[in-house]
Structures are given as structure tokens and as C-alpha cells.
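See below for the structure under consideration.
Chains as they are written, first to last, in UniProt numbering: chain A, 1 to 662; chain S, 1 to 662.
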């Protein structure tokens, strides 16, 4: 135990080769020597490298601390908070270890599961806290193995609070955080990035402040990569602490832990827990307004912004760590005022990435899960390799079953009541369903006056990109072409385009027009006839719930529908329409009718029967217009289909459907 | 021995999945279930499958038979004949087994080497003949193993002619072609496609015609995939033969061997060898004109066209096999008159492919070898995997050394004398070299009145695509920017474009502008300064013979410079600029100055010293303009470089080169 392994700077070196030692270019911005180039170099960096690069570039960062929720619905809320707060660009988030909450278990409220969800499903670089007091080595090793298996790469190594009021040393066990640091390095070598806690005013149990920072140096020397400080109330306190640490030779990053006061009670609790005294200049302001939450929060924001400015202006603080207490408003406001909240509309790829290490090279996905990226990640979590560069032959990797539509990270953010209000307390007929789809597209209220903000296939309002197609989508949904996914054709827009852009600047993005919808078998009969006119321009795949299907696509040939060309890189083609995956997707797409919609209603109720009728009888259709430089022809295809149907109506429809043998 | 293994039709099945059995689309055009989709489905088919598909579609084919050359220079000529005749679209070629010519050896004139070159370097589907008489089983197995290792997939199994005048059965040896067929199936299972010979008038040694076709049936039953007939003179002879074969149950393809009479002597020899009697209606025409080669050839063409028309019109002849006697004119003329010669200007990929089975998925190459595809194939022949979809990180696979610039398939088609005429009997100075480059670009005569049809880096006249840049290229070559590779930028031209198009119809092709040239170190000094203005739009890589180099490209990031978007497919990006491969290419590019040019002159001669000076002091430069939708800026870069140089000239050049430390 305690074997010290090399880590930190040793891992970073420029891969720039200039065989003569002469230098003319400055091309060594990226260091990752991965098997295939990835679009976003950061994806392959570990946290300590990202931190080092930000320090070198002088680009201040922020990070966010959360604690695990108590209830399942709390977990759902926290996950959507991750999504929202993740959009501001934190360098990482961290999840506290909650010994009372079965923290290493598979429960949806456990520290382990919350951290795993943040990494895997929200794509956030995350640190899992781990406390070691009263734990056996075996137990700790098991936790670490589990964390590693789940894709977690960073541990905050803590002692934790004693069970009783007094601490008792355990022979051969973990008595201090340093024991845990040594254990991690001994058992897992350089796998984890390790963070340790620093106490700007000294640990409450430490003999002296000086003894405490010497102890911090020992933790760093034992293998910790950086330090996050406990909360404090004055910038001076932290700046002195950093200077004292540097003076005794602590060289790693030391990040201040910032706590914006958000309420009277939470401040008192936290101060008590941290054994810190709230300075008089704060209590003096707060005490008189202690019943006015808004006023306290405003003061907290103001006070935090002032302190953070002092810290950043000092030149020795590279980033800020926020104790959010799982709340959004105050922290976001502080970050906005500091100019650190960076809602960059540019996406590295068109879809939401996972931060699991084995998915680092992933840069191709089928388009079908565009609005359900967490479901896609879940159903492919057991894959050994992820498509990179091309999708290839997808017949080998199988998609996992999606039986549990209630996995907390897949759950709708809306309650059953809200869903019933949006999708109708009572459906009259298929047209009622058409109307809900239409209201979702137009963002207008349904007949009962409720806005339809989501559908079973789309838990978010319409994407800005889809808005480009709004008028056409509204028209076809009204007529029973129930669209669940679409994209316009794009012939070389700049990669910085605010609506359809993605990837690094200086590139060009392209798309083939795509349309996916449910529609009746009568419509499909006409559609198949119409589609013959559009060969080979339009690729189609049409399938019902039983798997009866038609396609003009080759089984083994995915169709790239989104791609980008960037300076000095290979082509990136992040989304494909793949006939094999479509057959897996259709199971999910059809099941959502029942699981998320039909089951809102009583068994045997007319509303339920209407949704079930659609599930049983409609077809799921996808269409790709391959001729991306021309005007999207898919709307014409739909128009032609309705035109043919009305012609048939005139000529006697029944004769015709017999001909087409449906 | 004689174990019969399944083959033939068993391997072909539609991979179309329609789980309900219903059918609406016709998507099963391609059957190859390969690990990643290839652009050209035919590339992954074996010969018997290609043949079957052509029979099903009614699309007549032709094939060409050659014999191995006697001399090394004959081999060079034959290889360029393969390139020329390959452009007409033969389904396959075959190479006879020449027992007297050490047929299985590594000699450049051996049957084995010629067939290997046809497959590997000319990209032609090829059949290697193999005769078994007087051979041990071990020897035959060794030949077959060697053929397999070289990428040959098809064997024409023959008995061969006896050593003496009379045949003697050998105990336990190969006495008949059927023994060889059985041996191949027994030892190599279904690996090879096997062809056997059929005798339209019966084998000369057969007891009867009927006994001979029964023997043919045995050969087919033993595992042969198709039959090629011996030559004959009347369509009726062959049609009767096919009917007789069908009557006794021979079901595989039977292809007529067509021999266009090309000369009096060759006809007599062949007739004697085949023990065939030349029909009276032919001798009657030929005898009177036997000294007039042109007249005989014209008659031969006429007669062959007539006979082939009868064969094809019969409806039972799917394709024609030609005994070319290694000559081009007559066969090509017959094929042209029949409408079978199909010089399709469309290329499946922008570069010349190899037909080696392990290169079937290959669809990405560095642009550097664009004019030396055979050298590229040679230097990568030992790779286990070939880039497919993306180039990726090229640091792992090493390029083979290219020490031997006289490998027969790499040799220039021109003689030393012709090269001296083109490149100058005597060079005066560096400007003399600039002039040669300029004449090559303009296709004009050099000062001695000779057209410059090739350069050491380009064995062919300028590609039509390069012609698009002709004026600009001329200008810069005249000034000492010695271009050896270039392409214009293309922003989405149809894949059927006659000049820049490639791949299947219905697609769009794109290119980034590329320019590669040798130039003096003075020019490079100015160029490096100019290039700073063009960051990040232009990627560059500059290197001298010693490897001193500058680049602004990331080591691990190849830059895709040619790509295509096709209906229902993933993106194809056949050419990249890869900084790692460039360092291998520069060795070859610099060596060609010495090996192909300097060595034309006497040691220590001024001409040789001038070429050697360039080799020692010039830099090889590649430039990519990433902004493909805009006007190519690379000419402006060169202009700016010359402008800066002339400015420096005015300001005193010497001060400046010191500043730039070259």
C-alpha cells in the first residue's frame, strides 16, 4: 500500500514531430494519440489535462457540486438539472458521497448511480466523492472497481465524518484521506484522477493551520492531482491559503470552493457542518432579512460575485468551484455576472455525447434516436466498440432491450397529470391524435387550452432546426402524417451556423432531408406507389409493429444524412439512416405509443383503444431525399400520396387496396 | 482426394430481409455481406458470381487470354497492354501456363508473376492456367499456395501437353485435368474458382466426341465452375457443342473461345497445335492473300465479328473469350464492332484499384501516390488491413522500402533514349529543368523539338483534371515551382462528370484544392512567411531530402481532400493528405530525381550535377486549401511568395535569409 505511481504532468507531451528540431508551425494544440482522430480533442483528455490546458491558456473555468437526491422523482429532477446546468459549460461536476443513502448501490438515488448517469447520459465530466472512514479496504476497492466499470474516471478522496462524535483510529484501516489516496494509487495505478479537500482556515480537527497544510502536502505527494477548497467567506482567506500552500511546495491546482448564500437556514446549517464561523459583515446583513428569501439570495449573489472577482483578479485562481446545494438560480446568476456561463450554441456533434471513456471515439449514430439520446446510450451500453468514422455493417452489435421505460434517466420530466393535459384527457378518434401532434409542432394550445410541450418520442420542445420545417410539418400532421423526426437538407452551411452548425469553426456542414412518421396503412398503400416515381432519389423504409416492411435500401448500406468538412481533418458523418438499426428502433418507437400514451388511460377505455389502434395498424415510415443540393422533395412525395388517395377515392378506393394486397 | 465440396450457386443468396415475406422494393441488387460496405459491389464478388449476375441480366461480357512474355522488356510491354486493354472492361483475363518458362517462379516473365501483376497492380480479375502433367502433387500444391498468397482466386485446370509425343499414365499422379480439379477442391476447398477446357469438336485424343463431353461433365461434377472452349471456326460447331453438353446435364456457363485470324503463320501454328482443321471457306480466302498481313487481319476481324454475332444472337452464349495472342488491334476492333468494348470514363474511385482479395475494402489512400498507384500498392503489399472509410492514424502501418526502381511493373514505358530526348541530352542550369516541367504541363515540345510526355513522378501525360489548372501550372513551373501533383477544388459536381466524376451515378463529388511541388530553399523562406497569412485556411507540409520539415497540420489528423456523397451510402473519402505518409512519400519523390533522371547522365557530368543539386537543396511542398467552396487561393499564395521575394530582392535578400535562419 502507498506505492506512489507517476501521474500528473508525465502524461502530457506534444506529439508534434519535427525531425530536425526546426520549428515553423504551431500545430501542437492537440496531444491525444488516439487510434483515430476525434473531432473534439477535449473528449480524449483526462480531467487533470483539461485543467492544465485551461490554466496554461488563462481561460477561467467553473465547476459544480451536487448531492444525491432522496427520492426517485428527485433523481429525475436532478438529471434534468444536469442537462440544463451542463449547457453552461462546467469543466466538471461532482457528486457527494452520502453514506446514509446506500451510496455505492444501484439505487437510482445513490451517489454512484447519479455520478454514472451524469457521465454516461448527460455527457458531463464528473467526480465521485468517496469517504473512507468505517470502511474495509475490500469495500472501498469494490466501490472503485464499480466506479471504473461505470466509466467514472475521477475520485474526490475524503475521510468523511465520524460515526460517533469522536474519531477513533482503526488499526490497518482508513483513518485519513491520505490513506484512501494511497490505496487508490496502489490498487488502480494512474487510472483515476484524484482530488482532495483543502481547508483555507485549517481542518476543524487539525492541531494547527500549519499542521493542516503540511498534511495537505502529504495528500498531494501521495498522488492527488488537485485540491478543491472547503467553503470560506473572504477572498483573502483563500488567497493566503494558496500562498501558504505554494510556500511549502504544493504545486498542483488549488480551486476555491464558492458558496453563494441562498437562504438563512442553509447558511447556518452549512456553517455548523463545516465548523466555520460566519463573518460578522455577513450576519450583519442577513439577520435583518432572514425571512426574505429573495433578498437573501440577491445578497448572496452580490457577495459571491464580489468575492469571485477578487479571486480571479488575483491571478492565482484558475477556476471556481460552486457548492450549488442542488439549486440552479443563484449559481447560474453568479456565473452569468462573472461572464463564465457560456451557453455556446455550437455543438461538437449534432447529438448529445456520453462521457464514458469507451465512447470517446464514438462519432456516428443512427438518426432514429436523435430525440432520445439517453435511450440510445442505454441500449448500446454493452458494446465493446463504438462506430468511429463510419457506421459500417451494423448487423453484429445488438441493441439492448428497452423493457423498462421508467429508468430514471429516461423518464419524462412531466407528471402523468401534465401529460394527460397535453395529450388529452379523452381522445375521440384518430383525428384527436393528429391534433396533438399538430399542436406540438405549432407550439400552440390543444382544445383544452394546454400547450403540448412534448410527445412520447420527443421530451423537449421542437429543436430550432426542426422549426425550419414548421409550416410543412404542421400541414402533414394535420392530415395524419404523424412526424416524430425530421431534418431539412443543408448544402454546405458554415459549421458556426447558429441553427444547423456543429463541430469546430471553419468547416461546412451538410444534411440530406429526412422525415420519419407514423401513418395509416391506407396512406402507405398510396405512398409505395408514389415512391416508385422517386427512385433512386428517395430512400425509404416502411415497417409496422409486426415487422412487415418495405425498403429500397440495401441491408448492409447505411445512408449518411449528416456530415461535415473541416480544415485539416477527415470527413465526419455523425448521423446515418441504417436499415438494421431501424428495425430495433421501430420496436421502441411503437412501444412508446403504449408505454407512454395508451397507459395514461383506463384499460378498455375508448382513449386507450384509439392509441392502441394506431399502434396496431399504423406504419412507421422513414424517407431520405438523397439529392441534398436540390429542393427537398419529401413534401412533394407526401402531396403526391394525398393526391393519389383522393384520386382513388373518386375511383372507388376498395378496388385499389385489393390490388396492392394489403 | 476427390472430396467434392459445395460450390457454385450455393454461395449466392439475397441478403434482403423482409420479415413478413411481403415484397415491395427491389433492393437486393447487391449480395456481398462484407464487414463494411464497399462502393463497388462487384469488388467483393468472386468471378463465378460476377458471371452469374451477367448471365441473369443478359449483359454480354468478354474476356481476354494472354501468354507470358519471353523477356523482361516484353513483361513491361505486356503490363501496359493490360492497362490499355483493361480499360475496355473485360470480365477477366487469363494467363497461360508456360511450362518451359519456369511458370511458377518469381521471374518477371513467369506465368505466376504476370498473373499476380495483372491482379495486384492492374486491378484485373485474372485466371491463372495450371497444367498438371509430369508434376508431383507437392509441386502443384506449392503452386496453388503461392497463387493464393499472391491474391489469385481463379485457376484454369488443364492437363497440359505431354513431354514426349505419346502420353504415359503416371501411377498416383495427375493424368487428366479432372485429377487437378479434384486436387484443388480437396486441398483448397472452395477457395478457388475453377475453369476447365471444353473441346467443341472433341479433344483430339478422345475416343469419340460423345466420350469427350461425358469427360467434360465429370470435370464439372468434380468441382469446375465454368467451361471455356478451345477455338473453333464456325458458330454452329460451338452451338451444337453447348446443346450436347446441356443434354447430358452440364449446367455451368460454357464460354466460346474466339480466335480472330491475325496472320497466316499464327493461324497455321495454332491449328496444328490444336489439331484442328481450318475449314475450306477460310483457307480459300486466306491462301491468296497470305503475304498481306493487313488484308488477313481485316478478314479475320470480319470473320470473327460475323461468328460472334451468330453466337450472341443464339441466346445461349453469355460472353466471349478471346485468344489475343498478346496482340491488341484485332481483338479490340472485333469488340468495338460488337459494341462490347466499353471504355467507361467513370472510375469507381479516383485512383487505380488493386484486385487482391485483401484490398477489396480499401477505399482511402494518401494523395501523394496519385500518379504512382503501382508503387503505392507495392509499398503497402504487406499490410494486413487496408484503410476503409477513414485513413485514421497512419503511424502504425509502415511503408515498404522502394529500393528497386526497376521492378518491371513500375518501370517507365519509355526507353533511356526517349527519356533523354524528353528531359534533355544536356542540362545547362536549373532553368533547363524548369523548362522540362513547363513543357510537360503544356504538352509542347522542348527546345530540341521533343514532346515531354512523362516526368519521373508522372509516367502518363497530364490527367484531364489537371488540365483544368494548366494555365496556372504553366506560370508557376516557369518560375521554378516544379509541380508534381495537383487537383482543383470542386464543390459538388455530379459523380458522372466526365472529368472529375467517380463512383456510382446520382452522387456528388467534392475536392479541396491541392498543390505539390519542389522548390528552392529561397522560395521556401518566403513561402513560410506568406503562409502565416493563410492560417487556418491553408494546410502545408514542407520537407527537404534530409527530413527537415515544417507543417501546421496535426500529426495524427489526415486531411480528406476528395470525397463523394452517394444515394443510400455512407460518405466515401478516397484521398487524404496525411502528414505521416508524406514523410514516406518524400523519400520516394526525392529518390526519383536521382534514380530516373540524374542517372541518365554520366557520373560527374554537369547535367547530373544540376539534377543532384536540386535533389540536395530543394524542398518538397504540399498545400491544401481547406475552403473548398471558395476560389482556390493556392495560386495567390504562390504569387504572394514571388511578390515577397522580389520585395526582398529590392531590400537586400541576404539580410532576410539570415533572419529566417535557413
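Quick reminder that beta carbons are idealized off the backbone N, C-alpha and C, glycines included.
| Hey, would you say residue 574 (chain S) sits closer than 9 Å to residue 349 (chain S), going by beta carbons? | yes
| query | Applying the criterion that 16 or more other CB atoms from any shown protein chain within 10 Å of the CB defines a buried residue, is residue 313 (chain A) buried or exposed? | reply | exposed
| said: List, from N- to C-terminal side, the beta strand (DSSP E) runs of 3 residues or more that fit wholly inside the segment 478-517 of chain A. | reply: 482-487, 490-494, 508-511
| task | Spell out whether any CB of chain S is found under 9 Å from the CB atom of residue 368 (chain A). | result | no
| query | For residue 534 (chain A), which option in A:517, A:519, A:552, A:521 has the closest C-alpha, if you only look at C-alpha atoms? | reply | A:552
| said: Taking the straight line between their C-alpha atoms, what separation do you get for residue 649 (chain S) and residue 526 (chain S)? | reply: Spanning the two alpha carbons is a distance of roughly 11 Å.
| task | Can you pull the chain A residues whose beta carbon is under 7 Å from the beta carbon of residue 571 (chain S), in chain order? | result | 560, 563, 571, 573
| From residue 651 (chain S) to residue 642 (chain S), what does the alpha carbon distance come to, in whole angstroms? | 14 Å
| Helix, strand or coil: which one does DSSP assign to residue 66 (chain S)? | In the displayed model, residue 66 (chain S) falls within a strand according to three-state DSSP.
| query | residue 193 (chain A) bridges to which residues according to DSSP? | reply | A:154
| task | Compare the C-beta of residue 487 (chain S) with all C-beta atoms of chain A and state if any pair is closer than 9 Å. | result | False, the Cβ-Cβ gap to chain A never drops below 9 Å.
| task | Grab the span of the beta strand (DSSP E) containing residue 443 (chain S) for me, first residue to last. | result | Careful: residue 443 (chain S) lies outside any beta strand (DSSP E) and carries neither H nor E.
| query | Whose C-beta lies closer than 6 Å to the C-beta of residue 598 (chain A) among residues of the same chain, with five residues either side of it excluded? | reply | Once the five neighbours on either side are set aside, the close Cβ partners of residue 598 (chain A) are 608, 611, 612.
| said: Using a Cβ-Cβ cutoff of 8 Å, what residues of the segment 478-506 of chain S are near chain A? List them in chain order. | reply: 491, 492, 506
| So the beta strand (DSSP E) residue 229 (chain A) belongs to, where does it begin and stop? | 226-231
| request: Alpha carbon to alpha carbon, how far is residue 248 (chain S) from residue 521 (chain A)? Give it in angstroms, no decimals. | output: 52 Å
| task | Just confirm the distance between the C-beta atoms of residue 152 (chain S) and residue 126 (chain S), as a whole number of angstroms; I'd bet it's less than 8 Å. | result | 7 Å
| request: Spell out whether any CB of chain A is found under 9 Å from the CB atom of residue 567 (chain S). | output: yes
| Does residue 627 (chain A) come within less than 9 Å of chain S when only Cβ atoms are used? | yes
| task | Determine the contact status of residue 485 (chain S) and residue 502 (chain S), defining contact as a CB-CB distance below 9 Å. | result | no
| message | Helix, strand or coil for residue 564 (chain S)? Go by DSSP, reduced to three states. | response | strand
| task | Measure the beta-carbon distance from residue 392 (chain S) to residue 378 (chain S) and round it to whole angstroms, keeping in mind my assumption that it falls under 8 Å. | result | So it is not a contact: roughly 22 Å between Cβ atoms.
| For residue 86 (chain A), three-class secondary structure by DSSP | helix
| said: Just to make sure I have the definition right: I need the residues of chain A whose C-beta is within less than 8 Å of the C-beta of residue 576 (chain S). Which are they? | reply: 570
| query | Does the beta-carbon distance from residue 232 (chain A) to residue 200 (chain A) come in below 9 Å? | reply | Contact: yes.
| residue 536 (chain A) touches chain S at which residues, Cβ-Cβ below 8 Å? | 506, 567, 568
| message | Within a Cβ cutoff of 7 Å, which residues of the same chain sit near residue 36 (chain S), ignoring the five residues on either side of it in sequence? | response | Bear in mind that the predicted position of residue 36 (chain S) carries a pLDDT of just 38, short of 50, making it too unreliable to give a figure here.
| task | Measure from the C-beta of residue 175 (chain S) to each C-beta in chain A and report whether the shortest distance is under 9 Å. | result | Chain A, which has no Cβ nearer than 9 Å to the Cβ of residue 175 (chain S), makes this no.
| said: Would residue 253 (chain S) and residue 46 (chain S) qualify as a contact pair, given that the criterion is a beta-carbon distance under 9 Å? | reply: no
| What does residue 538 (chain S) pair with, by DSSP beta-bridge criteria? | S:625
| query | What residue from S:338, S:85, S:510, S:439 has the CA that sits closest to residue 492 (chain A)'s CA? | reply | S:510
| Limits of the alpha helix (DSSP H) - the one that residue 635 (chain S) falls within | 634-651
| message | By DSSP's criteria, residue 94 (chain S) is part of a beta bridge. Which residues make up the other side? | response | Bridge partners of residue 94 (chain S): S:65, S:127.
| Going along chain S, which residues have a C-beta under 8 Å from residue 539 (chain A)? | Those within 8 Å of residue 539 (chain A) in chain S are 567, 568.
| request: Assign residue 577 (chain S) to one of three DSSP states: helix, strand, or coil. | output: strand
| field | residue 628 (chain A) to residue 623 (chain S) span [Cα, whole Å] | value | One C-alpha to the other measures close to 29 Å.
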